[in-house]
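Numbering (the numbering used here), first residue to last: 278 to 593. Idealized CB from N, CA, C, for every residue including glycine. First up is the structure itself, then whatever we jot down about it.
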Ligand SMILES: [Zn+2]
Ligand SMILES: [Zn+2]
C-alpha cells in the first residue's frame, strides 16, 4: 500500500505569501555559499539535502490523500489538493474515460470537499467515481456547492458516472482490495476517521478531531481504533494553548498525537491539517518541539514523527 499526500492544510487553501517566499529565497541564497550550486543538478542535490521547510514548502492545499495498491485507488477527502491529483490522473486511464476511483469523505466541511468541482476526471464520460461517507444526504451536500450562486457548472454536467454510498460507523467494509472502517471523531457536525487495512498493513487517517476528555475511559476507544497502524495521519491544527482556548473547534495538537500514538503502538505519526496561520518556519518549530516532547516522555521509543507535506509518499 502506498500513500501520497496532495493536500495537507486545514480550513482554507493557504498559498505561501510573496513576503514569506522572499524570506525563504534569501535564506537559501545565503545558506548556499560554499555549496556547489553551479548546475541545475548540483543545485537540486543541495536543495534535497535540506529539510522540507527550507528546500520547499509543506504546501497550501486542503485535505486530500491518495492510497493505492497496484491499480486500485482510494482517495480520502476532496479538499483543494484533489484538483492537482485530478490533473495527474488525466495522464492515466481517467484521461480516456476508463478510470475508476473510490473516494472516502471524512466530513463535508468546505475544506474537505471544495476540490471536487475542479476534479477534471469527474467531467470525463466513462470514468466511474464512487463517493463514500457516513453523513446523511452526502449527494445533496456535494450538489450544493455546485449551486449557481457558488459555481458555474451544475453537478449534473459532470459526465462521469458518480455514485454515492453510505458507510456505517464501526462497520468494516471491503472496497476493492482494502478493508475500511469509519470511526466517529469529536468535531462540529461530526467527522470520521478511517482505518484502512491491506495485506496485513494498517493506515489510519484521523483528521479533524478533538480529544477534550483525556480520561482513560474516554481515550481507550481511540487507542483501540488506531492500534498498530504503520501510519497514523493526525490532526495537529492547534498548538497546546490554542487547543485549550478553542476546545470546541474540533481540532487537536501534535502533543496529544504523540500521547495517543504511544498508547496505540503506532510506528509513524504524520502531523496533518496544518493551521492556515502557520508558515513553514512555524511548522518546523512545531515538529521540533513535538520531537523534543517525544524524546522526553518516551526516550527509547521507535515512534517516528513526520510532517505531512504535499508530494510526500509513504510505502506501508
Ligand atoms: Zn478540516
Ligand atoms: Zn472540519
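Item                                                                                                                                                                       : Value
In chain order, what residues of the same chain lie with their CB nearer than 6 Å to the CB of residue 458, ignoring the 5 residues before and after it?                   : 449, 472
So which of 425, 440, 401 has the shortest CA-CA distance to residue 414?                                                                                                  : 440
Got a list of residues with beta-carbon closer than 5 Å to any non-hydrogen atom of ligand 2, in chain order?                                                              : 386, 485
To which residues does DSSP link residue 468 through a beta bridge?                                                                                                        : 462
I need the straight-line Cα distance from residue 518 to residue 432, nearest angstrom please.                                                                             : 41 Å
So if DSSP puts residue 282 in a beta bridge, which residue, or which two residues, is it bridged to?                                                                      : 342
By a C-beta neighbour count over all protein chains shown, 10 Å radius and 16 as the cutoff for buried, is residue 398 buried or exposed?                                  : buried
Using C-beta distances below 7 Å, list every residue in its chain close to residue 532, excluding the 5 sequence neighbours before and after it, in chain order.           : 517, 567, 570
Which residues in the same chain as residue 475 place their Cβ atom closer than 7 Å to its Cβ, once the five residues preceding and following it in sequence are excluded? : 278, 346, 454, 455
When DSSP builds the beta bridges, which residues end up paired with residue 258?                                                                                          : No statement about residue 258 is possible, as the shown extent of the chain runs from 278 to 593 and does not include it.
Do residue 322 and residue 352 come within 7 Å of each other at the CB atom, strictly closer than that value?                                                              : no
DSSP beta-bridge partners for residue 590?                                                                                                                                 : 281
If you follow the beta strand (DSSP E) that residue 310 is part of, which residue opens it and which one closes it?                                                        : Careful: residue 310 lies outside any beta strand (DSSP E) and carries neither H nor E.
I'd like to confirm something about residue 388: is its beta-carbon nearer than 6 Å to some heavy atom of ligand 1, or not?                                                : yes
Shorter than 6 Å, the distance from the beta carbon of residue 287 to the closest heavy atom of ligand 1, or not?                                                          : yes
List, from N- to C-terminal side, the alpha helix (DSSP H) runs of 4 residues or more that fit wholly inside the segment 490-522.                                          : 493-503, 517-522
Counting beta carbon pairs with one atom in the segment 483-493 and one in the segment 463-470, are three or more of them shorter than 8 Å?                                : yes
Comparing alpha-carbon positions, which option in 404, 423, 578, 430 lies nearest residue 437?                                                                             : 404
By a C-beta neighbour count over all protein chains shown, 10 Å radius and 16 as the cutoff for buried, is residue 401 buried or exposed?                                  : buried
If contacts are defined as beta-carbon pairs under 8 Å, then residue 360 and residue 392 qualify, I think. What distance do you get, rounded to the angstrom?              : 5 Å
Would you be able to state if there are at least three C-beta pairs under 8 Å between the segment 525-541 and the segment 499-512?                                         : yes
Return the CA-CA distance between residue 232 and residue 593, expressed in angstroms with no decimal places.                                                              : Examination of residue 232 is not possible in this model, given that the chain is present from 278 through 593 alone.
In this structure, what does DSSP give as the bridge partners for residue 349?                                                                                             : 346
Around the Cβ of residue 396, are there at least 16 other Cβ atoms within 10 angstroms (buried) or fewer (exposed)?                                                        : buried
Across which residues does DSSP place residue 482 in a beta bridge pair?                                                                                                   : 471, 510
In the DSSP assignment, find the unbroken beta strand (DSSP E) run with residue 444 in it and report its ends.                                                             : No beta strand (DSSP E) holds residue 444; DSSP gives it neither H nor E.
Tell me, please, whether the segment 540-550 touches the segment 494-507 by the rule of three or more beta-carbon pairs shorter than 8 Å.                                  : yes
Along the chain, where does the alpha helix (DSSP H) containing residue 382 start, and where does it finish?                                                               : No alpha helix (DSSP H) holds residue 382; the beta strand (DSSP E) holding it covers 377-382.
May I have the straight-line CA-CA distance separating residue 425 from residue 336, to the nearest angstrom?                                                              : 30 Å
Do you know offhand how far residue 285's Cα is from residue 341's?                                                                                                        : 7 Å
Got a sec, what are the start and stop residues for the beta strand (DSSP E) residue 545 sits in?                                                                          : 545-549
Round the Cβ separation of residue 481 and residue 468 to the nearest angstrom and send it over; I've been treating them as touching at under 8 Å.                         : No, residue 481 and residue 468 are not in contact; Cβ-Cβ is about 14 Å, not under 8 Å.
Where does residue 551 land, buried or exposed, given buried means 16+ other C-beta within 10 angstroms?                                                                   : buried
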